[in-house]
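Structure record follows, encoded as structure tokens.
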Amino acid sequence: MVKKLLDGATIGTGIVSVLAVAIVIAWAGDVFTVDKDGVPKFAVSDAGKITVGATESYVNLVIQNNSGAANNKIDITADVLTVEGIRIENVNVSADIAASGAGGLDTGSESANTWYYVWVITNNTGASTNGLLSTSSTSPTMPSGHTKRRRVGAVRNDGSSNFLRFVQEGNKCNFITPGATTRILSNGTAATATLISASPFIPSTSYRGEFRVFVQGTATAGTTLALYVAKPGVSGSQIVAATVTAVGSVGARGDMVGVCETSASQGIEYSVPYGGGGYVDVLGYYDRI
332 MVKKLLDGAT
342 IGTGIVSVLA
352 VAIVIAWAGD
362 VFTVDKDGVP
372 KFAVSDAGKI
382 TVGATESYVN
392 LVIQNNSGAA
402 NNKIDITADV
412 LTVEGIRIEN
422 VNVSADIAAS
432 GAGGLDTGSE
442 SANTWYYVWV
452 ITNNTGASTN
462 GLLSTSSTSP
472 TMPSGHTKRR
482 RVGAVRNDGS
492 SNFLRFVQEG
502 NKCNFITPGA
512 TTRILSNGTA
522 ATATLISASP
532 FIPSTSYRGE
542 FRVFVQGTAT
552 AGTTLALYVA
562 KPGVSGSQIV
572 AATVTAVGSV
582 GARGDMVGVC
592 ETSASQGIEY
602 SVPYGGGGYV
612 DVLGYYDRI
């Protein structure tokens, strides 16, 4: 026998009984979460709100450089963010790599040209929430008083230990000043598929990037110039930039923006089979948060 709950989701009678108890507990001021096989099924907050389905969620998550200290500090905001079963509303925290512990770097000191993973940390009740930076994408060193964590993004610094300018909305990160500053190929001439790395601008937690690719050169009239970009080992191309020269001995250029899957090590392949030089800029990436 089954019953319908809320918006028509069908659930078994056993969980209906448990849910009824949870609602009573929630209105009494407690939080009640039911798990099955390690997967959160629903949670009831002390405001009497019920969430059915996975509870590890976010609403309007935004991560970006701090306006007053863009080189070393990031801001993290969200309407809702669930951290290991703790539902936190109106998140507004920062992480400064020049600081240590909660609100800063988890351990050690800053290194140049390094990815730092962005965490939101809290205590068992969600009353004490902060940002944290770590070189670990899985196990940051937790500051005293904080027991729960959730990775929400990543930030890269350059050779001068300054954070790259970016805005991340949800799981999509966009660089503010792409182009030569995020270029991974300049005047490439390989005629067959050749591996290049996007890891300086795509973190280890992402296998999909957004790229601007272009090919340019001088050729005889009617000649095609083309740049092909694809995930390594995959036949065909995911992004193609091409142009046909109208007249001889005149510079020509073809541009394209597109999304391409990468290897597990953030590699892509390119080829320029008809001459000219190929260029690839990383515009952003999709993080697996």
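Take the sequence shown: its letters are residues 332 to 620, numbered as in the numbering used here. We put the beta carbon where it would ideally sit given N, CA and C, even for glycine. Just so you know, these numbers come straight off a predicted model, no measurement behind them.
Provide the residue(s) that pair with residue i in DSSP beta bridges, ordered along the chain.
i	result
residue 460	453
residue 427	404
residue 620	For residue 620, which the question treats as bridged, DSSP gives no partner whatsoever.
residue 586	545
residue 395	406, 498
Rounded to a whole number of angstroms, what is the C-alpha to C-alpha distance between residue i and residue j?
i	j	result
residue 516	residue 615	15 Å
residue 612	residue 455	43 Å
residue 527	residue 553	30 Å
residue 544	residue 457	44 Å
residue 606	residue 465	43 Å
residue 404	residue 523	42 Å
residue 370	residue 481	Caution applies to residue 370, whose pLDDT of 42 falls short of 50 and renders its modelled position unreliable; the model cannot decide the point.
residue 397	residue 566	42 Å
residue 519	residue 399	38 Å
residue 563	residue 532	17 Å
residue 569	residue 559	8 Å
residue 521	residue 467	35 Å
residue 494	residue 430	15 Å
residue 571	residue 596	22 Å
With a threshold of 16 other CB atoms inside 10 Å of the CB of residue i, please say whether the residue is buried or exposed.
i	result
residue 541	buried
residue 390	exposed
residue 437	buried
residue 588	exposed
residue 689	Shown here, the chain extends from 332 to 620; a query on residue 689 therefore has no answer.
residue 507	exposed
residue 548	buried
residue 609	buried
residue 368	Residue placement at residue 368 cannot be trusted, given a pLDDT of 43 that sits under 50; the coordinates are not used to answer.
residue 529	buried
residue 435	buried
residue 352	Here the model assigns residue 352 a pLDDT of 41, short of 50, so the residue's position is not dependable, and the following value carries that caveat. Residue 352 should be labelled exposed.
residue 426	buried
residue 593	buried
Excluding five sequence neighbours on each side, which residues of the same chain lie with their C-beta closer than 6 Å to the C-beta of residue i?
i	result
residue 444	490
residue 415	479
residue 534	446, 485
residue 598	526, 528, 563
residue 500	393
residue 586	545, 572
Tell whether a beta-carbon distance below 8 Å holds between residue i and residue j.
i	j	result
residue 401	residue 449	no
residue 546	residue 584	yes
residue 393	residue 424	no
residue 474	residue 432	yes
residue 505	residue 498	yes
residue 622	residue 602	For residue 622 there is no data in the structure shown, the boundaries of the chain being 332 and 620.
residue 557	residue 600	no
residue 440	residue 411	no
residue 407	residue 483	yes
Could you name the residues of the same chain whose beta carbon sits closer than 8 Å to that of residue i, not counting the 5 residues immediately before and after it, in chain order?
i	result
residue 619	502, 536, 537, 538
residue 509	543, 612, 613, 614, 615
residue 395	405, 406, 497, 498, 499
residue 582	547, 548, 549
Can you list, in chain order, the residues of its chain with a C-beta nearer than 7 Å to that of residue i? Leave out the 5 residues immediately preceding and following it.
i	result
residue 453	414, 417, 419, 459, 460, 477, 479
residue 617	502, 503, 537, 539
residue 422	407, 408, 409, 412, 451, 460
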